[in-house]
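In the numbering used here, the protein residues as written are 613 to 1143.
The beta-carbon is built from N, C-alpha and C at its ideal position, and this holds for glycine as well.
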Amino acid sequence: MPKIAPNKVSPTFNPDVEIELACRPDSVSILNGQATRVWRYFASLIKGPEGTLTAPPGSYLGSLMRFTKGQKIRIHLRNELPEPTIAHWHGLHVPMLMDGHPTYAIDPGETFVYEFEMLNRASMNFYHPHTHEATATQVYRGLAGLIVVNDEEERALELPSGEYEIPIVIQDRTFDGQNQLVYGGGGMHGMHGQMFGFHGDRVLVNGRPDFQIDVSSRVYRLRILNASNARIYKLAWDDGTPITVIGVDGGLLEKPENKPYVMLAPAERLDAWADFSGRAVGSRLVMRSRPFSGALPKMAERMMGGGGGMGMGGMGGGMMMAGSSLPVGSDYPIFTVRVTKSMSDSPGLPERLSKIVRFQSSDIANPDNPRPISISEGPMSMLLNGRPYGHDDVQPSERIPVGAVQLMEIFHARGGGMGMMGGGMRGMGMMGGGMGRMGGMGAMMSMAHPIHLHGEYFQIISRAVDEDHMDDYATMRDGFIDGGWKDTVLVTSGERVRIVKPFHDFKGRFMFHCHNLEHADMGMMREFSVE
Ligand code: C2O
Ligand code: CU
Ligand code: CU
């Protein structure tokens, strides 16, 4: 990565909000006993409205930043870590220089100044490092925080706010006997972590284990982010109450939607209307992740299902390890709601939430010729558009005229990455069954990838899945919410997803990548050059 001098304060920029954001090591008490060493964002308000920053209690997570559309924002990122870092504002539409591109990483002791205007509509976004090949480890150690944007359209709805609006950040972690975070061990650097991403042994919410919310019997707004490195959740209330969805990544839907469950992949957000009115004081409700299949290749699901730590005999000397004692797609609790107070009045659910103008084909620059985002899957070669991440490696299909609205198709390239497979995987031949029909190793490795595009939000136009994956798909399909503005879309095995995305306002390099952070760090990341 070429290194440039950190961006400095611009004397002509007049901020409404100014924040100092330091990142440094700390220790936090998470489990009983010894404190856990983490890396954290520490935010302090230099200038701006009261309520701009809220620190989540007892958590390693960074302060929640609350902004209003139209505000001018300046953030001083100070690196007090032992290695380079750079912060990215996931979901925000900002110029390249303000987007946390890895080329802007700052060394220990340096400060990078971000200055931008909030162009986003009301939405919940988040900040996290985007350091070259170190995003996964830096996020894992604790570097992440929420960004809530408000605007007039949303304010007029008078949705539950203050203590009735609850941020919920879901992450999975593994701890050792001394309560320290485990990342390198447990097969992470073996095959599991490399191919499937990190999967921890326990779920934390807002950085806390066994998370519980005490509520009154009324309506709440739950603002949920999956900030896990790789884990995908299928969220559902344990008593069968549908989830009332009011928003996703890019803010409110047009109308509320009731879902039996919601699939939430890394980086995806869920804005849920949770009505506890009429529930008895003392009653409980649990948000669980419910069973599903197809997030990981079949063989990986079998390994995880077979009990934690089970090695695969005969697979390249046991390097293929199950990654977690909490298998992806199994049934486990996320957090508990406990009704502790009765309340009689509660706001009603608005019938109409926002206005979303769907793109028409006349808005789209390439309605008949979608730009490909192909996913190649293979051991040690998770790629997009057939190539690993490279700076200054923009291909013709990755050049986009500024101001254009683009149709894009995200799909699995069959057998991709085969050529790069190392000898260590020769043992895979033993996996045999079904390979021929599914098109070889690439298909056998096929898994779900949360694909994220920087810049403006996009709309999901269509999804199609091939016949081989229908059964798995049936365990997930009712949990997709495709009607709103998105910046991350889960593309499951055998699936083809079409999106329409605008590229207004800013020229430059904007990344798109898998938000399975291990995949991104392995190179499953590319750039669009907007020019
Ligand atoms: Cu959440 Cu490119 O990132
Ligand atoms: Cu992003
Ligand atoms: Cu991926």
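Classified as buried, Asp1099 has 16 or more neighbouring CB atoms from the shown chains inside 10 Å of its CB. Within the model, the alpha-carbon separation for Phe787 versus Asp813 is close to 8 Å.
A Cβ-Cβ separation of about 5 Å places Val1109 in contact with Arg1075 under the 8 Å criterion. Taken atom to atom, the span from the alpha-carbon of Ser956 to that of Asp826 is near 17 Å.
Linking Ala839 to Ile976 through their CA atoms gives a straight-line distance of about 32 Å. With a contact defined as Cβ atoms closer than 8 Å, Tyr672 and Arg690 miss out at about 17 Å. Taken through DSSP and simplified to helix, strand or coil, Asp883 comes out as strand. When Glu963, Asn644, Pro669, Ala647 are compared, the shortest CA-CA separation from Phe654 is found for Pro669. Placement of the Cβ of Met710 at a distance of 7 Å or more from every heavy atom of ligand 3 is found. Short note on His1064: C-beta closer than 7 Å to some heavy atom of ligand 2. Going by DSSP, Ala1086 is part of the alpha helix (DSSP H) stretching over 1082-1086. Of the candidates Pro959, Glu1143, Met1134, the residue whose Cα lies closest to the Cα of Glu745 is Met1134. Residue burial is scored here from C-beta neighbours: Phe625 has fewer than 16 other C-beta atoms within 10 angstroms and is therefore classed as exposed. Along the stretch 707-778, the beta strand (DSSP E) occurs as fully enclosed runs of 3 or more residues at 723-729, 735-741, 757-762, listed in sequence order.
Counting only heavy atoms of ligand 3, the residues whose C-beta sits closer than 6 Å to one of them are, along the chain, Met994, His1061, Cys1126, Asn1128, His1131, Met1136.
When C-beta atoms of the stretch 775-791 are compared with those of the stretch 695-705, fewer than three pairs fall below 8 Å, so the two segments do not count as touching. Only residues of its own chain outside the window of five on either side were considered, and among them Ala877, Ala907 have a CB closer than 6 Å to the CB of Ile844, listed in chain order. Annotated as distal: His688 and Glu727, with beta-carbon spacing of 8 Å or more. His700 has its CB nearer than 7 Å to a heavy atom of ligand 2. Comparing alpha carbon positions, the residue from Ser1141, Ala1016, Pro772, Met1136 closest to Trp885 is Pro772. Taking a cut-off of 8 Å on C-beta distances, the stretch 1055-1073 does not touch the stretch 849-856, as fewer than three cross pairs fall below it. Just measuring C-alpha positions, the residue of Pro1013, Val1103, Ala842, Thr948 sitting nearest Leu996 is Val1103.
In the three-state DSSP reduction, Pro1114 falls in the strand class (E or B). Residue pairing by DSSP puts Tyr653 in a beta bridge opposite Cys635. Distances from the CB of Ala879 to the heavy atoms of ligand 1 include at least one below 7 Å.
Here Asn737 is buried, its C-beta having at least 16 other C-beta atoms within 10 Å. One Cα belongs to Pro696, the other to Thr747, and the distance between them is close to 11 Å.
Contact annotation: Asn791 and Leu709 have beta-carbon atoms that are not nearer than 8 Å.
Under DSSP, Asp784 forms a beta bridge with Val815. Within 7 Å of the C-beta of His742 there is at least one heavy atom belonging to ligand 1.
Rounded to the nearest angstrom, the gap between the Cα atoms of Val815 and Arg833 is 21 Å. The C-alpha of Leu676 lies about 26 Å from the C-alpha of Asp1094. According to DSSP, residue pairing for Gln646 in a beta bridge does not occur. In this model, Met994 and Ile987 are separated by some 8 Å (Cα to Cα). When the five nearest sequence neighbours on each side are left out, the beta carbons in the same chain lying within less than 8 Å of the beta carbon of Ser641 are those of Ala647, Thr648, Gly670, in order along the chain.
In this chain, the beta strand (DSSP E) harbouring His1064 covers 1061-1065.
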